[in-house]
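Worksheet for the structure shown next.
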Amino acid sequence: MTYDSSPITAIATAPGRGGIGVVRISGKDLHAVVQALFGEQVFKPRHATYIPFTQADGSVIDQGIAIYFKAPHSYTGEDVLELQGHGGPVVMQMLLNRCLEAGRDLGLRLAEPGEFTQRAFMNDKLDLAQAEAVSDLIEASTEAAAKSASQSLSGVFSNVIHNLVEKVVHLRMLVEATLDFPEEEIDFLEKSDARGQLATIQAALKQVFEQAAQGALLREGLNVVLAGQPNVGKSSLLNALAGDDIAIVTPIAGTTRDKVTETIHIEGIPLNIIDTAGIRHHADEHFEAGGEIDLVEAIGIERTWAEVDKADVILHLLDASRGPTRADETIIERFPDSVPVIRIWNKIDLSGHHASVDVMDDATHVYVSAQDHIGIDLLRKELLRIAGWQQTGESLYLARERHLIALKHAHEHLENAAEYAAQNDQSLDLFAEELRLTQDRLNSITGEFTSDDLLGVIFSRFCIGK
Ligand code: GDP
Ligand code: ZN
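Residues in the sequence shown are numbered from 1 upward in steps of one, following UniProt numbering.
Below is the structure:
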């Protein structure tokens, strides 16, 4: 990756008001920048110095703490100067402007999003999975997600990947050595127990994948579509499901007219809930008027259905005291077969049903009372089961979709390798090639041999100042 090595600066703390705010500067050699800002003041590395931050004319912007980190003992692996002042947006902006002005002739410029962390990556302070964990830790929406992001950051996930790579490399070395002596190829697989080694790697990879998938669930959550007629109890159900989490229920206006997304958490797993008010509204209208929907509405409906297609689970809420209406049946017909459906019969306090779970051919039926909080735990368990959540009690590392895909590809290459190993003509060169591809895939997780494009995408999603 191209590394524009000019010194960079940004406000590292969150925008808004706070007790303190930090302006950070990083560069290969900050000596001249420090001099431009503070004259002959000498900062002892990693020591806090209480000092006035002044304008060029000597007037004081703020009094604060300066900490100097000498390369390579810093976050970025470069020289870093941190200026901690009072955390007001105006004073921080003044301090940042002052730094930019003082360092302009020295090439100092504003940092791009994620650029500090990108430098840490380029200077081998962090590998790519750890760099991603920095961003995941900052963005974690639950304690569980924060905990596992911090696991990944500390290198637990990277180490697991490294161990896998080592095993693959070991087997590759054996194979490649044999390729140089064709007369020995014949019984190589027997002698070296290559098949046994391969099986061990496959088993290890499978375990990593399963754990990563759990970690990814904490990060990505489950996409849930909530469908049902007016007054069937959708809001009440959301509140009941959210439980103590209710304080962090955050309605976000959707992009389409009728769509609203809120996120609640069950055991730390985010459920991204899409309310299908749009579908209901238009399905009814369409049904009663017998047709004629305008174009904008039609697009809205299509978008909502696109969401339904992408969902991990559909919650179809019905009134247990009344049974399904015709509009319910219209909706049911359109549910895609690929998405599991939980049919939730609400208001069992009125209907007299017992709280229960019934797995039927078409869907899982759960009987609840949202109002009286009956059967809600059963529903939670059912949701976690569909999500594939296993409470292992083990600490998880947070993984991303990107990691899962890489692990999947690695798995496929190992399967190919196993096939070649099973063939009688012993296509050793092909076997070796599949091992090489496996290694590449695994390495892409930690960022060895990762394309510049991918790196660009990953770091550009960071916040500024990180
Ligand atoms: P929504 O329009 O689907 O969001 O439905 P609401 O959650 O607003 O509920 C509609 C009405 O049904 C409200 O008066 C609720 O108090 C009532 N309700 C919701 N759940 C239950 C339930 O389990 N039992 C009873 N008896 N009433 C309920
Ligand atoms: Zn309409």
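Every residue gets a Cβ at the ideal spot worked out from N, C-alpha and C, and that includes glycine. Treat the numbers as computed from the prediction; the structure is a model and nothing was measured.
Residues bridged to residue i [DSSP beta-bridge criterion]
{"i": "Trp345", "result": "Leu318, Tyr367"}
{"i": "Ile51", "result": "Gly64"}
{"i": "His265", "result": "Pro270"}
{"i": "Gly85", "result": "Gly21"}
Residue span of the beta strand (DSSP E) that contains residue i, given as start and end
{"i": "Asn272", "result": "269 to 275"}
{"i": "Thr142", "result": "Here Thr142 belongs to no beta strand (DSSP E), and DSSP marks it neither H nor E."}
{"i": "Leu398", "result": "Segment: none, Leu398 is in no beta strand (DSSP E) and carries neither H nor E."}
{"i": "Thr9", "result": "8 to 11"}
{"i": "Ala311", "result": "Looking at the DSSP string, Ala311 is not in any beta strand (DSSP E), and its letter there is neither H nor E."}
{"i": "Val225", "result": "222 to 228"}
Under the three-state DSSP convention, the category residue i falls into
{"i": "Phe462", "result": "coil"}
{"i": "Gly215", "result": "helix"}
{"i": "Ser451", "result": "coil"}
{"i": "Asp358", "result": "strand"}
{"i": "Arg17", "result": "coil"}
{"i": "residue 472", "result": "As shown, the chain starts at 1 and ends at 466. That puts residue 472 outside it, with no answer to give."}
{"i": "Thr256", "result": "Unreliable positioning characterises Thr256 in this predicted model, as indicated by a pLDDT of 34, which lies under 50. A coordinate reading is not provided."}
{"i": "His409", "result": "helix"}
{"i": "Ile246", "result": "No answer about Ile246 holds up, because its pLDDT of 47 lies below 50 and its placement is not dependable."}
{"i": "Glu333", "result": "helix"}
{"i": "Arg24", "result": "strand"}
{"i": "residue 473", "result": "Since the first residue of the chain shown is 1 and the last is 466, residue 473 is not available in this structure."}
{"i": "Val232", "result": "coil"}
{"i": "Asp57", "result": "coil"}
{"i": "Leu126", "result": "coil"}
{"i": "Asp79", "result": "strand"}
{"i": "Leu108", "result": "coil"}
{"i": "Thr325", "result": "coil"}
{"i": "Pro251", "result": "Any reading at Pro251 must be qualified, since the residue scores a pLDDT of 41, below 50, and its modelled position is unreliable; the value itself is stated next. It is coil, neither helix nor strand."}
{"i": "residue 470", "result": "Lying outside 1 to 466, the shown extent of the chain, residue 470 is not represented and no answer is given."}
{"i": "Ser5", "result": "coil"}
{"i": "His282", "result": "With a pLDDT of only 47 at His282, under 50, the local geometry of the prediction cannot be trusted, and no value is derived from it."}
{"i": "Gln202", "result": "helix"}
{"i": "Val208", "result": "helix"}
{"i": "Gln41", "result": "coil"}
{"i": "Asp152", "result": "Inspection of the sequence shows that residue 152 is occupied by Ser rather than by Asp. Correct three-state label for Ser152: helix."}
{"i": "Gln390", "result": "coil"}
{"i": "Val457", "result": "helix"}
Boundaries (first-last residue) of the alpha helix (DSSP H) holding residue i
{"i": "Gly103", "result": "89 to 103"}
{"i": "Thr446", "result": "428 to 446"}
{"i": "Gln118", "result": "115 to 122"}
{"i": "Thr178", "result": "156 to 179"}
{"i": "Val33", "result": "31 to 38"}
{"i": "Arg46", "result": "Where Arg46 is concerned, there is no enclosing alpha helix (DSSP H), given that its DSSP letter is neither H nor E."}
{"i": "Ala71", "result": "Note, Ala71: premise wrong, no alpha helix (DSSP H); not H, not E."}
{"i": "Ile376", "result": "376 to 387"}
Cβ-heavy atom distance, residue i to the ligand SAM, below 7 Å
{"i": "Asp349", "result": "Questions concerning the ligand SAM fall outside what the structure shown contains, since the ligands it does hold are the ligand GDP and the ligand ZN."}
**Study point:** Touching by the beta-carbon criterion (3+ pairs, under 8 Å), the region 61 to 69 and the region 88 to 98
**Key:** yes
Check your understanding: Taking one C-beta from the region 159 to 178 and one from the region 196 to 204 each time, how about it: are there three or more such pairs within less than 8 Å?
Key -> The region 159 to 178, when compared against the region 196 to 204, does touch it at the 8 Å Cβ threshold.
Check your understanding: Is the region 426 to 440 close to the region 170 to 178, with three or more CB pairs under 8 Å?
Key -> Output reads yes: the region 170 to 178 touches the region 426 to 440.
**Study point:** the region 313 to 322 contacting the region 220 to 233, beta-carbon criterion three pairs below 8 Å
**Key:** Touching, yes, given that three or more Cβ pairs across the two stretches are closer than 8 Å.
Exercise for review: Could you tell me whether the region 42 to 60 touches the region 5 to 20, using the rule of 3 or more Cβ pairs below 8 Å?
Suggested key: no
Check your understanding: Does the region 408 to 423 touch the region 231 to 238, meaning 3 or more C-beta pairs lie closer than 8 Å?
Key -> no
Review point. Within the chosen definition, does the region 124 to 141 reach the region 17 to 31 through at least 3 CB pairs nearer than 8 Å?
Key: no
**Study point:** Validate contact between the region 378 to 393 and the region 323 to 343 using beta carbons, cut 8 Å, 3 pairs
**Key:** yes
Review point. Would you call the region 120 to 131 and the region 45 to 52 in contact, with 3 or more CB pairs under 8 Å?
Key: no
Check your understanding: Do the region 397 to 406 and the region 265 to 273 meet, that is, are 3 or more Cβ pairs less than 8 Å apart?
Key -> no
Check your understanding: Are at least three pairs of beta-carbons, each pair with one atom in the region 324 to 335 and one in the region 351 to 360, less than 8 Å apart?
Key -> no
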